[in-house]
Every structure is written in structure tokens, then in C-alpha cells.
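Before any comments, here is the structure.
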Amino acid sequence: MITHHRAFIARRRAKRPSEEYRELDAAEWEEFLAHFELRKVALGVCGRDYWTPCAHENACVRCPLLRVDPAQKPRLEEIHANLLDRLQEAREQGWLGELAAIETTLAAARQKLQAMAEAASHGTIVSLGMPDVRRNAGRNSAEHKD
Ligand code: SF4
Numbered sequence: 019m020i021t022h023h024r025a026f027i028a029r030r031r032a033k034r035p036s037e038e039y040r041e042l043d044a045a046e047w048e049e050f051l052a053h054f055e056l057r058k059v060a061l062g063v064c065g066r067d068y069w070t071p072c073a074h075e076n077a078c079v080r081c082p083l084l085r086v087d088p089a090q091k092p093r094l095e096e097i098h099a100n101l102l103d104r105l106q107e108a109r110e111q112g113w114l115g116e117l118a119a120i121e122t123t124l125a126a127a128r129q130k131l132q133a134m135a136e137a138a139s140h141g142t143i144v145s146l147g148m149p150d151v152r153r154n155a156g157r158n159s160a161e162h163k164d
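Count along the sequence shown starting at 1, add 18, and that's the number in the numbering used here.
Have a look at this one:
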């Protein structure tokens, strides 16, 4: 297995352009770090590929590439409530051209809030207590006596 793994790494390295095996200069490193600073958005972090522009016109609430920061949950809840108000207003005013767009954004906001709630519940530790070995052992002994 180790031999196969080493052969795999050697093949990968052979296919990689040799110019990639060099030290970065300071400007390149700074540019790389700055790129990640530019990924920070109000609701969290944008997960699009390195050196690619936003193809979604910064509609982050709708975007599957947004990784929502749990600390921004109140902001997302506020956006969700605002969208509900806008949806109601659009219905009342007969702005039918707005409805589909608001509903799409609302569904995306709801889905992100739900995902945050599920992620938070997975992080909850449920105490099951410690097994009492002596009590179980005693009960087993009693069962054997009967
Ligand atoms: S819309 Fe998507 S790709 Fe564009 S900045 Fe927001 S999260 Fe990134």
C-alpha cells in the first residue's frame, strides 16, 4: 500500500508544471493573503475559487458558496424578517415582478437558517451519564443466584 501511495505521489508530481515548484516572492504571498481578506462578507465567508470573480452579483444570501458565520445568525434573521415584509408589501402593491425574486431569496435565507440550526444541534453534547459497573455487576450476580 505504501509503495502504491508513493508511486501515486510521484505520478502527481511528474504531471505538475515544474514552474509551480518555487518559492513565492513577498508580493505574491501578500496578494494571496489579501485575496482571503476580500472573501469576508457581512454574513460570513465567500467560498468561491481562488482568483475568480463573483459570478452571482454579490447576491450572497442566495449563493450556495456563502459559508455563514454563526455569529451572524441575528443578521440573517433580520434579513429574513425584512424579506417577509417586502413580500407582503409586493403582494399588497401588486408588484408581481418582485414576487419571484423575493420568494427565491426568502427560500435561500430560510434554508441557511435551517442549516445553521442543524449545525448547532449537531454540536450539542448530550450527557448519557457514566455506567455504574458495580451495580450492573451486582445485579448480574443476583440474577445468577436465582
Ligand atoms: S454571491 Fe456567492 S460568490 Fe459572490 S461574493 Fe457572495 S458568496 Fe461569494
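The beta carbon of each residue, even a glycine, is placed where N, CA and C say it ideally should be.
- The Cβ-Cβ distance between Cys-72 and Leu-61 does not fall below 7 Å.
- Beta-bridge analysis with DSSP links Cys-64 to Leu-84.
- Within the DSSP bridge table, the entry for Val-59 names Gly-62 as partners.
- Only residues of its own chain outside the window of five on either side were considered, and among them Leu-124, Ala-127, Arg-128 and Leu-131 have a CB closer than 8 Å to the CB of His-98, listed in chain order.
- Exclusion of His-53 from the 6 Å shell around the ligand SF4 follows from its C-beta lying no nearer than that to any non-hydrogen atom of the ligand.
- For the pair Arg-30 and Lys-58, the Cα-to-Cα distance works out to about 33 Å.
- Ala-127 has its Cβ no nearer than 6 Å to any heavy atom of the ligand SF4.
- Secondary structure note for Gly-115: its alpha helix (DSSP H) is the uninterrupted segment 114-140.
- Any heavy atom of the ligand SF4 counts here; residues with a Cβ closer than 6 Å to one of them, in chain order, are Val-59, Cys-64, Arg-66, Cys-72, His-74, Asn-76, Ala-77, Cys-78, Cys-81, Leu-83 and Leu-84.
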